[in-house]
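In terms of this note's numbering, the sequence shown opens at residue -5 and continues consecutively.
All residues carry an ideal CB built from backbone N, CA and C; glycine is no exception.
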Amino acid sequence: MPEHRTGTPARLSQLESFLWHDFDAGFDDWNVWVRRKMPHSAEATTTKSAFRYGMQIHAALRSLQAANSGMATSNEVAGRETFNRLAAHYGIRPRLGEDGLIVLASDRPTDGVVSLILAAFEAMQTGVWKRFKLCREPTCRASYYDASKAAAKTWCSMDTCGSRNKMRRYRAKT
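This is the structure:
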């Protein structure tokens, strides 16, 4: 499955990539991803501290994605609490913009972790967050953006996980 799917709003492509990536190689993997996806904030974001906070945000958002996907988990409440705690840690707060609308701001605008939190808040505020899901295939659980009209996709890809699931169900019937 590709890292970026057609239909994801461009302003959320960085968030989509962050959620899709597993960071299995740890700190080194984080640094490669940050330099590739956030070159403007690489200096502030390639520290061990930023990595730890980034992985906490990643886990929190993935638990919230599970809820979007209809997978009840006990981690949803903890995910919300972690997300809110880290938003407070990074000083993210509402401000009145020049246009009279409320915007979220931070004293660390060049920090990549802040930009990820702000993108997630934007997706949540605009109602787009419900389209960020996890594949229901237990062996996959890839993150994806559901760009379908009804936002009713179940698998990251019909070509792989969807086909396997349907074939398993078919074989169970025969």
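Inset, instruction - Pick out whichever of CYS129, HIS34 and ARG165 has its Cα sitting closest to the Cα of SER151. - result: Closest option to SER151, Cα to Cα, is CYS129.
Inset, instruction - State the start and end residues of the unbroken alpha helix (DSSP H) segment that holds TYR47. - result: DSSP places TYR47 inside the alpha helix (DSSP H), whose first and last residues are 42 to 62.
Legend entry - SER97 in three-state terms, based on DSSP: It should be noted that the sequence gives Val, not Ser, for residue 97. In this structure, VAL97 counts as strand in the three-state DSSP scheme.
Legend entry - Uninterrupted beta strand (DSSP E) stretches inside the stretch 111 to 142 (no shorter than 3 residues): 126 to 128 and 137 to 139
Inset, instruction - Report the partner residues of LEU90 according to the DSSP bridge assignment. - result: In the DSSP secondary-structure assignment, LEU90 is bridged to ILE96.
Inset, instruction - Return the first residue and the last residue of the alpha helix (DSSP H) that GLY73 is part of. - result: Annotation for GLY73: the continuous alpha helix (DSSP H) segment containing it runs 69 to 83.
Inset, instruction - Let me know if ALA141 comes out buried or exposed under the rule of 16 or more other beta-carbons within 10 Å of its beta-carbon. - result: exposed
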